[in-house]
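Student:
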Amino acid sequence: MAPSNVLVPLDGSPLSDDALVHALETFDCPVAVLNVVTPLDASMSEGGILDPGEERRDEARARADEVVTHAKHRAAEAGRSVDVTVETGDPAETILDYVDANDVDHVVMGGHGSERNALARRLLGTVATVVVGEAPVTVTVVR
1 MAPSNVLVPL DGSPLSDDAL VHALETFDCP VAVLNVVTPL DASMSEGGIL
51 DPGEERRDEA RARADEVVTH AKHRAAEAGR SVDVTVETGD PAETILDYVD
101 ANDVDHVVMG GHGSERNALA RRLLGTVATV VVGEAPVTVT VVR
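122 is the number that full-length UniProt numbering gives to position 122 of the sequence shown; each next residue is one higher, with no gaps.
1. Restricting to runs no shorter than 3 residues, where is the beta strand (DSSP E) found entirely within the segment 13-86?
2. Could you work out which residue in Gly-133, Thr-129, Val-108 and Pro-136 is closest to Val-6 when comparing CA atoms only?
3. Could you check whether the segment 92-102 touches the segment 134-143, counting it as contact only if at least three pairs of C-beta atoms, one from each stretch, sit closer than 8 angstroms?
4. Quick check on this structure: which residue in Ala-78, Arg-57 and Pro-39 has the alpha carbon closest to the alpha carbon of Phe-27?
5. I'd like to check one pair, Val-33 with Leu-10: are the Cβ atoms closer than 8 angstroms?
6. For Val-86 versus Ala-64, is the C-beta spacing smaller than 8 angstroms?
7. Tell me whether the beta-carbon of Thr-38 lies closer than 8 angstroms to the beta-carbon of Asp-90.
8. In terms of DSSP beta bridges, what is Thr-138 paired with?
9. Let me make sure I understand the geometry here. Which of Gly-12, Thr-88 and Asp-103 has the alpha-carbon closest to that of Arg-57?
10. What are the boundary residues of the beta strand (DSSP E) that Pro-9 is part of?
11. Look up Thr-129 in the DSSP assignment and say whether it is helix, strand or coil.
12. Can you name the residues that DSSP bridges to Thr-88?
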């Protein structure tokens with residue numbers, strides 16, 4: 001059965017961009033894009049390792065804006081549009097909450113996150129693994 005609402009969580013990594021392209025090329029239904037900004041004061045976030053500050057928060061928001069703007073351009077190149085959302089929270093939990101709250105019936109995501117901070121990624125664990133294990137819908141992992 002073909003999905004009726006697809007979610008693509010984006011983190012700015014090449015694999016998440018590949019996931020967006022895959023979703024746009026494969027599914028003829030609405031595609032939503034979600035970027036999750038991890039709170040800089042969260043104990044296991046990058047901010048828990050590095051000193052949080054207003055400049056770092058602004059940089060994180062600017063990066064999120066770049067990610068969703070790029071997604072809009074990618075969709076336009078494919079003759080499509082995407083709904084974009086930026087949320088703050090734990091990435092896996094926020095993705096799962098979005099699925100529940102927005103009638104999503106398929107998630108397409110990259111196999112691992114950005115290489116920008118490998119230490120933080122190791123401490124946080126793999127978001128895709130959590131989403132695959134806990135999502136109540138089909139999850140396609142792009143590698």
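Even glycine gets a Cβ: it sits at the ideal position worked out from N, Cα and C.
Tutor: The answer reads as follows:
1. Here the runs fully enclosed are 31-37.
2. Along the sequence shown, one-based indexing puts residue 6 at 6. Residue nearest to Val-6 within the set Gly-133, Thr-129, Val-108 and Pro-136 is Val-108 (criterion: CA-CA distance).
3. With a cut-off of 8 angstroms, the segment 134-143 and the segment 92-102 count as touching, because enough Cβ pairs lie within range.
4. In the sequence shown, counting from the first residue as 1, residue 27 sits at position 27. When each option's Cα is compared against that of Phe-27, the closest is Ala-78.
5. Walking along the sequence shown from the start, residue 10 turns up at place 10. Walking along the sequence shown from the start, residue 33 turns up at place 33. Judged by their CB atoms, Leu-10 and Val-33 are nearer to each other than the 8 angstroms cut-off.
6. Taking the sequence shown and counting its residues from 1, one reaches residue 86 at position 86. Taking the sequence shown and counting its residues from 1, one reaches residue 64 at position 64. Yes.
7. Counted from its first residue, the sequence shown places residue 38 at position 38. Counted from its first residue, the sequence shown places residue 90 at position 90. Their beta carbons are under 8 angstroms apart, which means Thr-38 touches Asp-90 by this criterion.
8. As a position in the sequence shown, residue 138 is number 138, starting the count at 1. According to the DSSP secondary-structure assignment, Thr-138 is paired through a beta bridge with His-106.
9. Here residue 57 is taken as the residue at index 57 of the sequence shown, counted from 1. Distances from the alpha-carbon of Arg-57 to those of Gly-12, Thr-88 and Asp-103 put Thr-88 closest.
10. Taking the first residue of the sequence shown as position 1, residue 9 is located at position 9. Going by DSSP, Pro-9 is part of the beta strand (DSSP E) stretching over 6-9.
11. Here residue 129 refers to the residue found at position 129 of the sequence shown. Helix.
12. Here residue 88 refers to the residue found at position 88 of the sequence shown. For Thr-88, which the question treats as bridged, DSSP gives the partners Val-37.
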